[in-house]
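In this note's numbering, the protein residues as written are 32 to 113.
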């Protein structure tokens, strides 16, 4: 979390990322590489769900053994693209 604190974004991160996804992203274990591989190997972008609404599921992926289906807007906010 040092980087988020350095760029003054820790509060935004805490508000957006919760539950099992937060646990997976906040871990400092040596298995971070495994989480990355799991994420990249299961990531699916649904081109038909192009509407930027907070509902629906435009992005599907697995992280720490949990499958996520979130909107494109949520994904963009979590990864910091917008």
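Even glycine gets a Cβ: it sits at the ideal position worked out from N, Cα and C. The structure presented is a predicted model; accordingly, all values stated were derived computationally and were not measured.
Secondary structure of residue 112 (DSSP, three-state): coil. Taking a contact to require three or more Cβ pairs closer than 8 Å, the segment 38-46 and the segment 61-73 do not qualify as touching. Excluding the 5 residues flanking it on each side, residue 88 has same chain C-beta neighbours closer than 8 Å at 77, 80, 100, 101 and 102, in chain order. With 16 or more other CB atoms across the displayed protein chains lying within 10 angstroms of its CB, residue 90 is buried. Bounds of the alpha helix (DSSP H) holding residue 63 are 63-73. In the DSSP secondary-structure assignment, residue 91 is bridged to 75 and 100.
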